[in-house]
Structures are given as C-alpha cells and as structure tokens.
Amino acid sequence: RARAIENQSYVIGVNRTGMDGEGVDHAGGSCIIDPMGRVLASLGREAGILRGILDYQEIIEFREKFQAWKDADPFTLSF
C-alpha cells in the first residue's frame, strides 16, 4: 500500500497459493491497490481471478492534490 501512495499509481500484486510439487507452501495474497492505498480487490489464500477498474483520471486528480513528487531529492546518474 505504501508503494501505491509513494508512486501515486495502482499496484497489482500477484502470488501463487497452495503447496507446490517441491513442498513449498505459497501464501497467495494477490491484490489490487489504488493510488491512495485502498485495497480494491484481494484474494487472500484462495485461488481465483481478481478484476478491478483502473481509472486514469483518478490518478491525475490525486496527483494534483497530493504532489509527493515535490519531495524528491535531485540527483544525477552518470555512467
């Protein structure tokens, strides 16, 4: 959720769930998070398909109100 807020973007996290053939138990937790950090959809440990509407206009409006980019430190990359 913090990454969605910091980057002012939707975040979609996906993961396997259940036991695989090597005995590794995968935790699941797939979710869709909006730019304000709200969870729009989540599966928990269940297998399934998530669907959500990603509204570009909502991102634009949120970025106008919450101008986190102004806190960025200037830096230069050189190779």
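Throughout, the working numbering is defined as the position within the sequence shown, counted from one, plus 14.
Just so you know, even glycine gets a beta-carbon here, dropped at the ideal spot from N, CA and C.
Only a predicted model underlies this, so the values are computations on that prediction, with no experimental measurement involved.
Expressed to the nearest angstrom, what Euclidean distance is found between the alpha-carbon atoms of residue i and residue j?
i	j	result
V25	I47	5 Å
L49	R59	Residue identity check: residue 49 is Pro in the sequence provided, not Leu. Taking the straight line joining both Cα atoms gives about 24 Å.
R30	F80	34 Å
L91	Q71	32 Å
D34	L54	28 Å
Kindly indicate which three-state DSSP category residue i falls into: helix, strand or coil?
i	result
A18	helix
D85	helix
My guess is that residue i and residue j are in contact by the Cβ rule of under 8 Å, so how many angstroms apart are they, rounded?
i	j	result
E40	G32	Note that residue 40 is His in the sequence shown here, rather than Glu. Rounded, the Cβ-Cβ distance is 6 Å, consistent with contact.
Q22	I73	7 Å
G27	C45	5 Å
E20	A82	7 Å
Is residue i near the ligand NAD, judged by its Cβ being under 7 Å from some heavy atom?
i	result
Y24	The ligand content of the structure shown is nil, which means the ligand NAD is not present either.
Alpha helix (DSSP H) runs wholly inside the stretch 21-82, at least 4 long, in chain order: 70-79
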